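Just so we're aligned, residue 1 is where the sequence shown starts under the UniProt record's numbering, counting upward by one.
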Amino acid sequence: MARVCSSNVVRILTDPSDLIPADSAAAKTKRIVEFSDEVKKCLTLLKAGIKHIQGCEGFPCTSCLKSINDIVTVSRNSKIDRNAVGDGLGIDTDYCKMFTYTWKKRDMLQKIEDADPQKDLSHETTRMFTFYIELLGSAMNFTDQSDYFRLQMEEDGCLSLIVDWFLHLVRDDKAMNKWVDDMMFDAMNMFDNVCRKVPSLAPKHHRAVPAFQKFSESKDSMTQTKAVMILAKLVKKEEADKLSTDYICILTLLSDLKGCLENPEHEKKTDRKTSIEKIVTTITSSAGELAQAIDDLTINDNNKQLVVEHGVIPILAKLLQRDCSVEEKTSAANVVWRLAFLKENKEKLRKERDIIYNLSEGSRHINEKLRDACEGALFEINKTTDVESPPGAPHSGPGRNQRKVSDEMLNDVAKEVPSYAYDQFSEKLVVKHNQARNILTKYQSNYEEATRECLAKWTDRSTRSVADLHDVLRAAELGGLIGNCN
Ligand SMILES: [Zn+2]
């Protein structure tokens, strides 16, 4: 059973209600007026194409293919304001209605699903596949770019249709051919964009869980990883067992995240070849989104162990550094918070001075979500676990804690007390605040040495036993360190 703290669920991204003002018709009109001439011209062209597709007798004819290709080309063109084009497609065109209209052509999808992977597609089926893969490609790109587009896709039922299709693929339990694999991959990415950017929509598509469970068994590591990332957004907290994943998926996620951090933009582009040579799907992952995925996945206790075993801690340390974005830091702090629920992780994290330092910095940040995440993480890391030895264990016995504290023990404590706890701890050692600050200045903010001096003042005043030290640690909410001084 996963140990999940309800206050542990912190979402970074805003809900649609925050994104779209209450007077949404007026907001939409206002948005359209803002568009540049370039965007307006582009939308006029795309609109004509959409209209053609919706009325075409010979779908998918050459004009249909040209129209959908125009849309996907714009969706890949980083030189145009794609956020505006996406907003415009959502607000001011029938793109989403065209999406549902064409997706309901079951016989065409069926032809692609039934195609023999050993043979080439027929001319007719190639046209259909080309249309659908470009339709999905454009939807994938614009769901990444535009709020209005995402919300319109939901409102017009496109996402629901896609979920139906996912479930249909799984239900038939038929081996999927490479063309269906390609379409599924793009559809999954589109779905992921929506769930990631509008988290409140994810629970509405909870019925898709069995499909993503199945897709997460895929042999293709990109498909597998994406499926697991989506699954983590869909499952309810009490279904954390459904997120048991294997180490390959964790490795892929962590290595992608590392890859992002090596790039100044904190992004990583990965190309996925499709079964048609000229079509390549490019997936851009960002460090923030991957950290969020790890946060989602670590509601599962197995994953809490797996990610630590496979090196998440140094990556989290990097994500918490000053120059990272608030989103990245918040996700990283949330991951640390979750990881610390496991005792063995707690102990590892306590030794990570950089992480502790940056969490304490973050706990004073102006951003509330970052602050909450950092405070939660620090609290969980420092929470006392069951550290008393069981009866009969070596060294246990009456009077054990009445021994005098040793210098060694005090050195260890000074090393382990996190810098953020310095004020509180020195206060419990009955060192006045001003004095504690002066000591810190004397050691040029070396917290370890300053803490050691406060401890020395404390033992100078009276003979102190191990039990006394435990009491002081507990009083300073550092009970977790008791295990280090027995
Ligand atoms: Zn046509």
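Note that the Cβ used here is the ideal one computed from N, Cα and C, for glycine as well. Please read these numbers as outputs of a predicted model, since none were measured by experiment.
Check: Does at least one heavy atom of ligand 1 sit under 7 Å from the Cβ of residue 499?; Outcome: Only positions 1 to 486 of the chain appear in this structure, which leaves residue 499 out of reach.
Check: Check each residue's C-beta against every heavy atom of ligand 1 and list, in chain order, those closer than 5 Å.; Outcome: 56, 61, 63 and 64
Check: Take the Cβ of residue 372 as the centre, count every other Cβ of all protein chains shown within 10 Å, and call the residue buried at 16 or more, exposed below.; Outcome: buried
Check: What are the boundary residues of the beta strand (DSSP E) that residue 267 is part of?; Outcome: 267-273
Check: In the stretch 47-94, which residue ranges form an unbroken alpha helix (DSSP H) of at least 4 residues, counting only runs that do not cross its ends?; Outcome: 62-76 and 82-92
Check: Could you name the residues of the same chain whose beta carbon sits closer than 8 Å to that of residue 311, not counting the 5 residues immediately before and after it, in chain order?; Outcome: 254
Check: When we look at the beta-carbon of residue 430 and count the other beta-carbons within 10 Å, is it buried (16 or more) or exposed?; Outcome: exposed
Check: Within the chosen definition, does the stretch 417-431 reach the stretch 363-382 through at least 3 CB pairs nearer than 8 Å?; Outcome: yes
Check: Verify whether the separation of the beta carbon atoms of residue 328 and residue 319 is less than 8 Å.; Outcome: yes
Check: Less than 6 Å between C-beta atoms, sequence neighbours within five positions excluded: which residues of the same chain meet that for residue 393?; Outcome: In this predicted model, residue 393 has a pLDDT of only 39, less than 50, meaning its place in the structure is not dependable; the value taken from the coordinates is given anyway. Nothing meets the Cβ criterion.
Check: Quick one: is residue 433 buried, meaning 16 or more other Cβ sit within 10 Å of its Cβ, or exposed?; Outcome: exposed
Check: Among 92, 305 and 246, which residue has its Cα nearest to the Cα of residue 342?; Outcome: 305
Check: At a cut of 8 Å, does the stretch 92-108 reach the stretch 53-71 through at least three beta carbon pairs?; Outcome: yes
Check: Is it right to say residue 408 is buried, meaning 16 or more other beta carbons lie within 10 angstroms of its own, or is it exposed?; Outcome: exposed
Check: If you follow the beta strand (DSSP E) that residue 280 is part of, which residue opens it and which one closes it?; Outcome: 280-286
Check: I'd like to confirm the pairing. Which residues does DSSP put opposite residue 465 in its beta bridges?; Outcome: 404
Check: Apart from the five residues on each side of it in sequence, which residues of its chain come closer than 6 Å, Cβ to Cβ, to residue 190?; Outcome: 139, 140 and 143
Check: Leaving out five residues on either side along the sequence, give the residues of the same chain with a beta carbon under 6 Å from the beta carbon of residue 245.; Outcome: 228
Check: Tell me which residues share the same chain as residue 283 and place their Cβ nearer than 6 Å to its Cβ, disregarding the 5 neighbours each side in the sequence.; Outcome: 270
Check: Return helix, strand or coil for residue 344, following the three-state DSSP convention.; Outcome: helix
Check: Relative to the C-alpha of residue 69, which candidate in 96, 133, 87 and 441 has its C-alpha closest?; Outcome: 133
Check: Expressed to the nearest angstrom, what Euclidean distance is found between the alpha-carbon atoms of residue 349 and residue 67?; Outcome: 54 Å
Check: Does the contact criterion of 3 or more C-beta pairs under 8 Å hold for the stretch 85-102 versus the stretch 29-39?; Outcome: yes
Check: Which first and last residues belong to the alpha helix (DSSP H) in which residue 487 is found?; Outcome: In this structure the chain extends from 1 to 486, so residue 487 is not present and cannot be described.
Check: Would you report the Cα separation of residue 125 and residue 101, rounded to the nearest angstrom?; Outcome: 18 Å
Check: Going by CA-CA distance only, name the one from 477, 445 and 46 that's closest to residue 74.; Outcome: 46
Check: Over what stretch of residues does the alpha helix (DSSP H) that includes residue 325 continue unbroken?; Outcome: Counting along the chain, residue 325 falls outside any alpha helix (DSSP H), and DSSP gives it neither H nor E.
Check: Which residue wins for smallest C-alpha separation from residue 223, given the options 243, 252, 185 and 230?; Outcome: 185
Check: Out of 167, 364 and 178, which one is the CA nearest neighbour of residue 206?; Outcome: 167
Check: Note down, in chain order, each residue of its chain lying with its Cβ closer than 6 Å to the Cβ of residue 387, except the 5 sequence neighbours on either side.; Outcome: Residue confidence is low: residue 387 scores 47 on pLDDT, short of 50, so the model does not pin down where it sits. No coordinate-derived value is stated.
Check: DSSP three-state label for residue 518, please.; Outcome: Residue 518 cannot be examined here, being either before or after the span of the chain that is shown, 1 to 486.
Check: Under the three-state reduction of DSSP, which class applies to residue 311: helix, strand or coil?; Outcome: coil
Check: Does DSSP put residue 35 in a helix, in a strand, or in coil?; Outcome: coil
Check: Can you tell me the Cα-Cα spacing of residue 281 and residue 76, whole angstroms?; Outcome: 10 Å
Check: Express the C-alpha separation of residue 121 and residue 333 in angstroms, rounding to a whole number.; Outcome: 49 Å
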